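Beneath this line is the structure, given in structure tokens, with notes to follow.
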Amino acid sequence: MNLVNHRLSSPFLKPVYSVPGIMAAVLLALIPAAICYTWFFGIGFLINLLITSVFGLLFEALVMRARGRPVFFYLGDLSILVTAALLSFALPPGSPWWIAASGIFIACIFGKHVFGGLGHNVFNPAALAYVSLLILFPLQMTGWYLPGSGNYAEAPIDPLSMNGIFTSLQLSFPWLRDMALTPFAVTPDGFATATPLIEYKFAAPARLLMAESDGFTVWQRDARTGWEMLAMSFALGGLLLLWRGIISWHIPVSVVGMVFLLSTVFYQPGQEAIFGSPWLHLFSTSTLIGAFFIATDPASAPSSAMGKVIYGALIGAAMYSIRIWGSYLDSVALAILAVNMCSPLIEQVTARTPLGHPSRLQRSLSVWRKTK
Numbered sequence: 163m164n165l166v167n168h169r170l171s172s173p174f175l176k177p178v179y180s181v182p183g184i185m186a187a188v189l190l191a192l193i194p195a196a197i198c199y200t201w202f203f204g205i206g207f208l209i210n211l212l213i214t215s216v217f218g219l220l221f222e223a224l225v226m227r228a229r230g231r232p233v234f235f236y237l238g239d240l241s242i243l244v245t246a247a248l249l250s251f252a253l254p255p256g257s258p259w260w261i262a263a264s265g266i267f268i269a270c271i272f273g274k275h276v277f278g279g280l281g282h283n284v285f286n287p288a289a290l291a292y293v294s295l296l297i298l299f300p301l302q303m304t305g306w307y308l309p310g311s312g313n314y315a316e317a318p319i320d321p322l323s324m325n326g327i328f329t330s331l332q333l334s335f336p337w338l339r340d341m342a343l344t345p346f347a348v349t350p351d352g353f354a355t356a357t358p359l360i361e362y363k364f365a366a367p368a369r370l371l372m373a374e375s376d377g378f379t380v381w382q383r384d385a386r387t388g389w390e391m392l393a394m395s396f397a398l399g400g401l402l403l404l405w406r407g408i409i410s411w412h413i414p415v416s417v418v419g420m421v422f423l424l425s426t427v428f429y430q431p432g433q434e435a436i437f438g439s440p441w442l443h444l445f446s447t448s449t450l451i452g453a454f455f456i457a458t459d460p461a462s463a464p465s466s467a468m469g470k471v472i473y474g475a476l477i478g479a480a481m482y483s484i485r486i487w488g489s490y491l492d493s494v495a496l497a498i499l500a501v502n503m504c505s506p507l508i509e510q511v512t513a514r515t516p517l518g519h520p521s522r523l524q525r526s527l528s529v530w531r532k533t534k
């Protein structure tokens, strides 16, 4: 075909991935973490995932219907399922079903469609929903039952045993306690803040520092090993997204690098109870899911390479600062929301100058000369 006599309009390059393709790749990258989460903490995670997914699709369909948009077309972009999955990782296993339903409602309505829908949101929907739930329901959001086969278990529940499965169901759906499956369940001795980050700051720090001599194995279902293996699973999924070209390296490397830098600078042997070790900040918290899966949200992050580096570094600094000197310990969602507000300014400052137009420095010098 002779193209000389035909006028072609831009864009000339077809995007490699569609929106459903990107969302499907993110969901696939989360599968290792989902398996790890279920192994260490039981089916409570799968229950939360099912609830957030079903209610998320329902709320998304209702909003699309109200806006006069084709429902199945927009449900097919899979974005609400990604939000549901990320939110499920943040919820305590065994939390009441209405916590998960309320969270996905906040994410879908106030985190996404209030701003115009997919691609227009200022804040990451999953992070906004988690912080909202943390403020509205602090007791339910900080109460975890610990897996029962590890050395540090405080509630003797084997997550994948018959008792553990029925207990998870009863914790999510309290009305099941009146049914015939009640004898199979085990009432937890108590609930605990199961993250090692909270343990090191509020409980005995020595309990977390004994891991080197206790002979932990990666298959031992205790809270500390579970969080470390979960963090490594998020890192594996994030590397898969990097390899597929779904995300760029700028934000994850900046976030992880800044957290590692600050935790190394302030770390002093023998004072782990005050600042924590770099290993604790990277692999015993939700730093890696924030770096690879939440902070890289293209709608709420800058688009330029320099902007992404600045954006990620600010998130890492905010994570460490809030975690050490603030009231909220696992500060990933708070840090991301705070820097989301700075994203438009970062984008404006670091945006590339169009070809043939004066650079920002040249325009600034021109304005300065006129004012003299």
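The sequence shown begins at 163 in the working numbering and counts up by one.
Even for Gly, the Cβ is constructed at its ideal location relative to N, Cα and C.
No experiment lies behind these values; they were computed from the predicted model shown.
G238, enclosing alpha helix (DSSP H) - first and last residue = Counting along the chain, G238 falls outside any alpha helix (DSSP H), and DSSP gives it neither H nor E.
Do F285 and S250 have their C-beta atoms within less than 8 Å of each other?
-> No; because the gap between Cβ atoms is not below 8 Å, this pair is not in contact.
Please go through the same chain and pick out, in chain order, the residues whose beta-carbon is closer than 6 Å to the beta-carbon of P255, but skip the five residues on each side of it.
-> Counting only Cβ-Cβ distances below 6 Å, and skipping sequence neighbours, we find F203, G204, G206, F207.
Which residues bound the alpha helix (DSSP H) around S425?
-> Residue range 412-427 is occupied by the alpha helix (DSSP H) that includes S425.
Beta-carbon spacing of G419, G469 below 8 Å = Against a cut-off of 8 Å, the Cβ pair of G469 and G419 comes out as no contact.
L280 (DSSP reduced to helix, strand or coil) = Coil.
Specify the secondary structure class of L253 as computed by DSSP and reduced to three states.
-> Residue state, collapsed to three classes: coil.
Just reading off the alpha helix (DSSP H) that F454 is part of, what are its end residues?
-> Careful: F454 lies outside any alpha helix (DSSP H) and carries neither H nor E.
Helix, strand or coil: how does DSSP classify I408 here?
-> Here I408 sits in coil by DSSP.
Is the Cβ-Cβ distance between I413 and A457 less than 8 Å?
-> If you check the CB distance, I413 and A457 come in under 8 Å.
Does the segment 440-451 come close enough to the segment 264-276 to have 3 or more Cβ pairs within less than 8 Å?
-> No, they do not touch.
Give the secondary structure of L190 by DSSP, where H, G and I count as helix, E and B as strand, and everything else as coil.
-> Of the three classes helix, strand and coil, the one that applies to L190 here is helix, per DSSP.
By DSSP, does F272 sit in helix, in strand, or in coil?
-> Reduced to three states, the DSSP call for F272 is helix.
What residue from V181, A513, G474, R514 has the CA that sits closest to A500's CA?
-> Checking every option, the nearest Cα to that of A500 belongs to G474.
Of the residues A196, R514, L476, C504, which one's Cα is nearest the Cα of A246?
-> Cα-wise, what sits closest to A246 is A196.
State buried or exposed for M503, treating a residue as buried only when at least 16 other CB atoms are found within 10 Å of its CB.
-> Counting Cβ neighbours within 10 Å, M503 comes out exposed, since fewer than 16 surround it.
Alpha carbon to alpha carbon, what distance is there between I261 and Q302?
-> Going by the C-alpha atoms only, they are around 8 Å apart.
Under the assumption that A463 contacts S493 (Cβ atoms under 8 Å), give the Cβ distance between them as a whole number of angstroms.
-> Not a contact, Cβ separation roughly 18 Å.
Keeping to the same chain, check which residues put their C-beta closer than 7 Å to that of V244; ignore five residues upstream and five downstream.
-> Here the set comprises M185, V188, L189.
Specify the secondary structure class of R485 as computed by DSSP and reduced to three states.
-> Three-state DSSP puts R485 in a helix.
For S446 and L237, the rounded distance between their alpha carbons | Cα-Cα distance, rounded: 34 Å.
Comparing alpha-carbon positions, which option in A263, P182, Y292 lies nearest F221?
-> Of A263, P182, Y292, the residue nearest in Cα terms is A263.
Selection from Y199, F299, S257 that minimises the alpha carbon distance to W389 = Looking at the Cα atoms, Y199 is the closest of the given residues.
Start and end residues, alpha helix (DSSP H) containing R231 | That residue, R231, is in no alpha helix (DSSP H); it is neither H nor E in DSSP.
Specify, as a first and last residue, the run of the alpha helix (DSSP H) that S180 falls within.
-> Premise fails: S180 is in no alpha helix (DSSP H) and is neither H nor E.
I think S395 touches Y482, with their Cβ atoms under 8 Å apart; what is that distance to the nearest whole Å?
-> Contact between S395 and Y482 does not hold, since the beta-carbon distance rounds to 22 Å and is not under 8 Å.
Who are the near neighbours of D105 in its chain, counting only those whose CB is closer than 6 Å to its CB and skipping five residues on each side?
-> Residue 105 lies beyond the stretch modelled for the chain, which goes from 163 to 534, so this question has no answer here.
In the DSSP assignment, find the alpha helix (DSSP H) that holds M303 and state where it starts and stops.
-> Under the DSSP assignment, M303 falls in the alpha helix (DSSP H) whose first and last residues are 300-304.
Around the C-beta of S257, are 16 or more other C-beta atoms found within 10 angstroms, so that it is buried, or is it exposed?
-> Buried, by the Cβ-count rule.
Assign V417 to one of two classes, buried (16 or more other C-beta atoms within 10 Å of its C-beta) or exposed (fewer than that).
-> By the neighbour-count rule (16 or more Cβ atoms within 10 Å), V417 is buried.
Could you have a look at Q430 and say whether DSSP puts it in helix, strand or coil?
-> The answer is coil: DSSP assigns Q430 none of H, G, I, E or B.
So what does DSSP say about R514, is it helix, strand or coil?
-> Look at R514 here: in three-state DSSP terms it is coil, with no helix or strand label.
Would you identify the three-state DSSP class for N537, choosing helix, strand or coil?
-> Nothing can be reported for residue 537, as the shown portion of the chain is limited to 163 through 534.
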